[in-house]
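Asker: Provided herewith is a single structure, encoded as C-alpha coordinates, for subsequent inquiry.
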Amino acid sequence: MEYVRGGDLMMHIQRDKRFRGPRAKLYGCEVLLALQYFHQNNIVYRDLKLDNIMLAIDGHIKIGDYGLCKENMPFGSTTRTICGTPEFMAPEILEEQPYDRAVDWWAFGVLMYEMLLGRAPFSGEEEDDIYDSILEDEPMYPPDIGRHEQALLQSLLVKVPSLRLGSGPTDAEEIKAHAYFKDVNFDDVYHKRIRPPFVPVVKSAMDVSNFDSEFTSENPGETPTDYRLTNVEQDNFKGFSYVSPWATTTST
(Lines of atoms letter the chains of each structure in order from A; the text may use other names.)
(Lines give C-alpha, C1' and ligand atoms only; values in the text may rest on other atoms or scores of the structure.)
Protein backbone atom coordinates (compact mmCIF):
# COMPACT_ATOMS: atom_id res chain seq x y z
CA MET A 1 0.00 0.00 0.00
CA GLU A 2 1.28 3.45 -0.90
CA TYR A 3 2.32 5.72 1.96
CA VAL A 4 0.87 9.16 1.16
CA ARG A 5 3.09 11.37 3.28
CA GLY A 6 1.10 14.58 3.05
CA GLY A 7 -1.57 13.35 5.46
CA ASP A 8 -5.32 13.69 5.02
CA LEU A 9 -7.45 16.79 4.58
CA MET A 10 -9.01 16.36 8.01
CA MET A 11 -5.60 16.87 9.61
CA HIS A 12 -4.90 19.92 7.46
CA ILE A 13 -8.25 21.59 8.02
CA GLN A 14 -7.81 21.11 11.78
CA ARG A 15 -4.54 23.01 11.45
CA ASP A 16 -5.73 25.70 9.05
CA LYS A 17 -9.39 25.98 10.19
CA ARG A 18 -10.62 26.16 6.58
CA PHE A 19 -9.36 26.23 3.01
CA ARG A 20 -9.81 29.53 1.25
CA GLY A 21 -10.20 30.40 -2.41
CA PRO A 22 -7.99 28.53 -4.88
CA ARG A 23 -7.04 25.78 -2.42
CA ALA A 24 -10.62 24.69 -1.75
CA LYS A 25 -11.46 24.99 -5.44
CA LEU A 26 -8.54 22.81 -6.57
CA TYR A 27 -9.36 20.08 -4.05
CA GLY A 28 -13.01 20.31 -5.07
CA CYS A 29 -12.16 20.00 -8.77
CA GLU A 30 -9.96 16.97 -8.21
CA VAL A 31 -12.57 15.25 -6.03
CA LEU A 32 -15.20 16.06 -8.65
CA LEU A 33 -13.15 14.31 -11.34
CA ALA A 34 -12.58 11.33 -9.04
CA LEU A 35 -16.31 10.93 -8.39
CA GLN A 36 -17.00 11.30 -12.10
CA TYR A 37 -14.54 8.45 -12.76
CA PHE A 38 -16.30 6.24 -10.20
CA HIS A 39 -19.70 6.95 -11.73
CA GLN A 40 -18.45 6.37 -15.29
CA ASN A 41 -17.43 2.92 -14.07
CA ASN A 42 -20.84 2.36 -12.43
CA ILE A 43 -19.52 2.73 -8.89
CA VAL A 44 -21.12 4.77 -6.11
CA TYR A 45 -18.40 5.77 -3.62
CA ARG A 46 -20.61 6.41 -0.54
CA ASP A 47 -17.85 7.43 1.89
CA LEU A 48 -16.62 10.84 0.82
CA LYS A 49 -15.17 12.82 3.73
CA LEU A 50 -12.06 14.80 4.62
CA ASP A 51 -10.51 11.78 6.35
CA ASN A 52 -10.55 9.77 3.11
CA ILE A 53 -8.85 12.40 0.97
CA MET A 54 -5.09 12.11 1.14
CA LEU A 55 -2.63 14.85 0.18
CA ALA A 56 0.37 13.75 -1.86
CA ILE A 57 3.74 15.46 -1.56
CA ASP A 58 3.09 17.36 -4.81
CA GLY A 59 -0.01 19.02 -3.30
CA HIS A 60 -2.56 17.01 -5.28
CA ILE A 61 -5.14 14.73 -3.68
CA LYS A 62 -5.73 11.00 -3.70
CA ILE A 63 -8.93 9.29 -2.56
CA GLY A 64 -8.71 6.18 -0.40
CA ASP A 65 -10.90 3.73 1.51
CA TYR A 66 -13.14 1.95 -0.98
CA GLY A 67 -14.81 -0.31 1.58
CA LEU A 68 -18.29 1.18 1.09
CA CYS A 69 -18.21 1.36 -2.71
CA LYS A 70 -21.23 -0.08 -4.47
CA GLU A 71 -20.53 -1.62 -7.88
CA ASN A 72 -22.87 -2.26 -10.82
CA MET A 73 -24.66 1.06 -10.37
CA PRO A 74 -25.24 2.66 -13.78
CA PHE A 75 -27.49 5.70 -14.07
CA GLY A 76 -31.00 4.79 -12.92
CA SER A 77 -29.93 1.93 -10.64
CA THR A 78 -30.68 2.13 -6.93
CA THR A 79 -29.66 0.43 -3.71
CA ARG A 80 -30.90 0.60 -0.10
CA THR A 81 -27.95 -0.24 2.16
CA ILE A 82 -27.70 2.20 5.07
CA CYS A 83 -24.04 3.15 5.32
CA GLY A 84 -21.67 6.10 5.42
CA THR A 85 -20.31 8.67 7.86
CA PRO A 86 -23.15 10.42 9.75
CA GLU A 87 -22.32 14.03 8.79
CA PHE A 88 -22.12 13.10 5.10
CA MET A 89 -25.15 10.82 4.71
CA ALA A 90 -27.80 12.01 2.28
CA PRO A 91 -31.42 12.39 3.46
CA GLU A 92 -32.65 9.55 1.23
CA ILE A 93 -30.26 7.13 2.94
CA LEU A 94 -31.53 8.15 6.38
CA GLU A 95 -35.13 7.79 5.22
CA GLU A 96 -34.33 4.23 4.07
CA GLN A 97 -35.40 5.04 0.53
CA PRO A 98 -33.86 3.53 -2.62
CA TYR A 99 -30.98 5.80 -3.59
CA ASP A 100 -28.60 6.26 -6.50
CA ARG A 101 -25.29 7.96 -7.23
CA ALA A 102 -26.76 11.35 -6.29
CA VAL A 103 -25.78 10.52 -2.69
CA ASP A 104 -22.16 11.17 -3.72
CA TRP A 105 -23.08 14.68 -4.86
CA TRP A 106 -24.78 15.38 -1.54
CA ALA A 107 -21.57 14.29 0.22
CA PHE A 108 -19.59 16.46 -2.20
CA GLY A 109 -21.71 19.42 -1.11
CA VAL A 110 -20.99 18.67 2.55
CA LEU A 111 -17.28 18.37 1.75
CA MET A 112 -17.19 21.70 -0.09
CA TYR A 113 -19.10 23.37 2.76
CA GLU A 114 -16.59 22.08 5.31
CA MET A 115 -13.59 23.13 3.22
CA LEU A 116 -14.92 26.62 2.50
CA LEU A 117 -16.45 27.41 5.90
CA GLY A 118 -14.51 25.22 8.32
CA ARG A 119 -17.55 23.61 9.92
CA ALA A 120 -20.18 21.02 9.13
CA PRO A 121 -23.48 22.13 7.55
CA PHE A 122 -25.39 19.71 9.78
CA SER A 123 -24.34 18.95 13.34
CA GLY A 124 -25.49 17.68 16.72
CA GLU A 125 -24.22 16.26 19.99
CA GLU A 126 -25.40 12.74 19.19
CA GLU A 127 -25.74 10.85 15.90
CA ASP A 128 -29.54 11.08 16.05
CA ASP A 129 -29.24 14.86 16.40
CA ILE A 130 -27.07 14.97 13.27
CA TYR A 131 -29.59 12.86 11.38
CA ASP A 132 -32.45 15.13 12.48
CA SER A 133 -30.48 18.16 11.33
CA ILE A 134 -29.83 16.61 7.90
CA LEU A 135 -33.53 15.83 7.47
CA GLU A 136 -34.99 19.04 8.87
CA ASP A 137 -32.49 21.92 8.81
CA GLU A 138 -31.09 24.15 6.08
CA PRO A 139 -27.39 25.08 6.23
CA MET A 140 -26.43 28.55 7.45
CA TYR A 141 -24.25 30.78 5.27
CA PRO A 142 -22.11 33.66 6.57
CA PRO A 143 -22.48 37.06 4.91
CA ASP A 144 -18.90 36.98 3.59
CA ILE A 145 -19.31 33.81 1.52
CA GLY A 146 -18.98 34.28 -2.24
CA ARG A 147 -22.14 34.38 -4.33
CA HIS A 148 -21.12 31.48 -6.55
CA GLU A 149 -19.81 29.47 -3.59
CA GLN A 150 -23.16 29.71 -1.81
CA ALA A 151 -25.09 28.94 -4.98
CA LEU A 152 -23.03 25.79 -5.55
CA LEU A 153 -23.56 24.56 -2.00
CA GLN A 154 -27.28 25.25 -2.14
CA SER A 155 -27.55 23.35 -5.44
CA LEU A 156 -25.75 20.31 -4.03
CA LEU A 157 -27.38 20.23 -0.59
CA VAL A 158 -30.89 19.75 -1.95
CA LYS A 159 -32.84 17.20 0.07
CA VAL A 160 -34.85 15.93 -2.91
CA PRO A 161 -32.32 13.81 -4.83
CA SER A 162 -33.94 14.27 -8.24
CA LEU A 163 -33.52 18.05 -7.89
CA ARG A 164 -29.92 17.88 -6.70
CA LEU A 165 -27.17 19.21 -8.96
CA GLY A 166 -25.47 16.25 -10.64
CA SER A 167 -28.45 13.90 -10.31
CA GLY A 168 -29.24 13.87 -14.02
CA PRO A 169 -27.85 11.58 -16.75
CA THR A 170 -24.91 13.92 -17.45
CA ASP A 171 -23.78 13.50 -13.83
CA ALA A 172 -20.63 15.52 -13.07
CA GLU A 173 -20.96 17.62 -16.22
CA GLU A 174 -23.89 19.43 -14.57
CA ILE A 175 -21.62 20.44 -11.71
CA LYS A 176 -18.69 21.40 -13.93
CA ALA A 177 -21.01 23.81 -15.75
CA HIS A 178 -21.86 25.69 -12.53
CA ALA A 179 -20.70 29.31 -12.31
CA TYR A 180 -18.37 28.45 -9.41
CA PHE A 181 -16.20 26.46 -11.83
CA LYS A 182 -16.43 28.87 -14.78
CA ASP A 183 -12.71 29.74 -14.60
CA VAL A 184 -11.58 26.10 -14.37
CA ASN A 185 -10.02 24.15 -17.23
CA PHE A 186 -10.81 20.60 -16.17
CA ASP A 187 -8.36 19.17 -18.70
CA ASP A 188 -5.62 21.05 -16.85
CA VAL A 189 -6.97 19.68 -13.56
CA TYR A 190 -6.97 16.13 -14.91
CA HIS A 191 -3.35 16.37 -16.12
CA LYS A 192 -2.19 18.14 -12.94
CA ARG A 193 -1.12 21.23 -14.84
CA ILE A 194 -2.50 23.52 -12.13
CA ARG A 195 0.07 24.42 -9.51
CA PRO A 196 -1.32 23.61 -6.04
CA PRO A 197 -1.51 26.68 -3.77
CA PHE A 198 -0.37 24.50 -0.86
CA VAL A 199 2.29 21.80 -0.77
CA PRO A 200 2.76 19.82 2.47
CA VAL A 201 6.11 19.96 4.22
CA VAL A 202 7.69 16.51 4.18
CA LYS A 203 11.18 16.20 5.63
CA SER A 204 11.96 12.60 4.75
CA ALA A 205 10.53 9.39 3.34
CA MET A 206 9.59 8.35 6.90
CA ASP A 207 8.19 11.71 8.03
CA VAL A 208 4.85 11.31 9.85
CA SER A 209 4.40 14.94 10.95
CA ASN A 210 1.33 15.34 8.72
CA PHE A 211 -0.58 12.72 10.69
CA ASP A 212 -2.30 12.98 14.06
CA SER A 213 -0.07 11.82 16.92
CA GLU A 214 -3.04 9.79 18.18
CA PHE A 215 -2.26 7.35 15.38
CA THR A 216 1.50 7.71 15.00
CA SER A 217 2.07 7.02 18.71
CA GLU A 218 0.34 3.64 18.56
CA ASN A 219 2.35 0.44 18.90
CA PRO A 220 2.64 -1.09 15.40
CA GLY A 221 3.07 -4.61 16.77
CA GLU A 222 1.80 -7.43 14.60
CA THR A 223 -0.83 -9.94 15.67
CA PRO A 224 0.92 -13.11 16.97
CA THR A 225 0.79 -15.87 14.36
CA ASP A 226 -0.08 -18.49 16.99
CA TYR A 227 -3.01 -16.56 18.45
CA ARG A 228 -6.02 -18.74 19.32
CA LEU A 229 -9.57 -17.51 19.65
CA THR A 230 -11.60 -17.96 22.80
CA ASN A 231 -14.94 -19.78 22.67
CA VAL A 232 -16.74 -16.42 22.77
CA GLU A 233 -14.65 -15.09 19.86
CA GLN A 234 -15.21 -18.26 17.85
CA ASP A 235 -18.98 -17.87 18.22
CA ASN A 236 -18.75 -14.69 16.13
CA PHE A 237 -17.69 -16.76 13.12
CA LYS A 238 -20.31 -19.51 13.26
CA GLY A 239 -21.80 -20.11 9.84
CA PHE A 240 -18.91 -18.58 7.90
CA SER A 241 -17.97 -20.54 4.78
CA TYR A 242 -14.30 -20.42 5.77
CA VAL A 243 -12.48 -20.11 9.08
CA SER A 244 -8.69 -20.30 9.27
CA PRO A 245 -7.51 -23.54 10.93
CA TRP A 246 -5.45 -21.64 13.49
CA ALA A 247 -8.59 -19.83 14.67
CA THR A 248 -10.55 -22.97 15.48
CA THR A 249 -8.46 -24.04 18.45
CA THR A 250 -9.51 -22.52 21.75
CA SER A 251 -6.85 -20.54 23.60
CA THR A 252 -5.97 -21.64 27.11
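Start counting the sequence shown at 1; every next residue gets the next number (UniProt numbering).
Note that CB positions come from ideal geometry on N, CA and C, so glycine has one too.
All of these numbers come straight from a predicted model, not from anything done at the bench.
Do the CB positions of I175 and W105 come within less than 9 Å of each other?
Answerer: Contact flag set, yes.
Asker: Among the residues of its own chain, which have a CB less than 7 Å from the CB of T78, if the five just before and after it don't count?
Answerer: Closer than 7 Å at the Cβ level, and outside the excluded window around T78, lie P98, Y99, D100.
Asker: Sort M1, Q154, H12, L165 by Cα distance to D212 and report the nearest one.
Answerer: Considering only alpha carbons, the answer is H12.
Asker: Considering only DSSP beta bridges, list what M140 is partnered with.
Answerer: According to DSSP, M140 bridges with nothing at all.
Asker: Given a cut-off of 9 Å, decide if R5 and N219 are closer than it, judged by their beta-carbon atoms.
Answerer: No, they are not a contact pair.
Asker: On the three-state DSSP scale, how would you describe D8?
Answerer: Correct three-state label for D8: strand.
Asker: Relative to the C-alpha of F88, which candidate in T81, Q234, V103 has its C-alpha closest?
Answerer: Of T81, Q234, V103, the residue nearest in Cα terms is V103.
Asker: According to DSSP, is K159 helix, strand or coil?
Answerer: K159: coil per DSSP, three-state reduction.
Asker: One question on the structure: do P91 and P161 come within less than 9 Å of each other, judged by their Cβ atoms?
Answerer: Yes. Within cutoff.
Asker: Suppose contacts are defined by Cβ-Cβ distances below 9 Å. Is L55 in contact with L116 by that definition?
Answerer: For L55 and L116, no; Cβs fall outside 9 Å.
Asker: Looking at C-alpha atoms only, which residue of Y66, G64, I43 is the closest neighbour of F75?
Answerer: Of the candidates Y66, G64, I43, the one whose C-alpha sits nearest the C-alpha of F75 is I43.
Asker: Ignore the nearest five residues each way along the sequence and tell me which others in S155's own chain have a CB closer than 6 Å to its CB.
Answerer: Closer than 6 Å at the Cβ level, and outside the excluded window around S155, lie L165.
Asker: Touching or not, the segment 28-39 and the segment 236-244, by the rule of three or more beta carbon pairs under 8 Å?
Answerer: Verdict: no, contact absent.
Asker: CA-CA distance, A24 and D58?
Answerer: Going from the Cα of A24 to the Cα of D58 covers about 16 Å.
Asker: Which residue wins for smallest C-alpha separation from G84, given the options G7, G67, E126?
Answerer: The residue with the shortest Cα to Cα distance from G84 is G67.
Asker: Excluding the five sequence neighbours on either side, which residues of its own chain have a C-beta within less than 7 Å of the C-beta of residue 264, listed in chain order?
Answerer: This structure cannot settle anything about residue 264, because the visible part of the chain is limited to 1 through 252.
Asker: Whole alpha helix (DSSP H) runs in the segment 170-214 with 4 or more residues, listed along the chain?
Answerer: Qualifying alpha helix (DSSP H) stretches, in chain order: 172-176, 186-190.
Asker: Please classify K62: does DSSP put it in a helix, a strand, or coil?
Answerer: Strand, per DSSP.
Asker: Rounded to a whole number of angstroms, what is the C-alpha to C-alpha distance between L33 and P142?
Answerer: So the two alpha carbons sit approximately 28 Å from each other.
Asker: Considering only residues of the same chain and omitting the five flanking positions on each side of Y27, which have a CB-CB separation below 8 Å?
Answerer: L9, F19, I53, I61, M115, listed in sequence order.
Asker: So is F237 buried or exposed if we call it buried at 16+ other beta carbons inside 10 Å?
Answerer: With fewer than 16 other Cβ atoms within 10 Å, it is exposed.
Asker: Contact defined as beta carbons within less than 8 Å: I believe F122 pairs with L48. What is the distance between those atoms, to the nearest angstrom?
Answerer: Between L48 and F122 the Cβ distance is about 15 Å, and since that is not below 8 Å, they are no contact.
Asker: Since I believe C29 is in contact with A215 (beta carbons under 8 Å), could you give me their beta-carbon distance rounded to a whole number of angstroms?
Answerer: Note on residue identity: the sequence assigns Phe, not Ala, to residue 215. About 28 Å separates the two Cβ atoms, so there is no contact after all.
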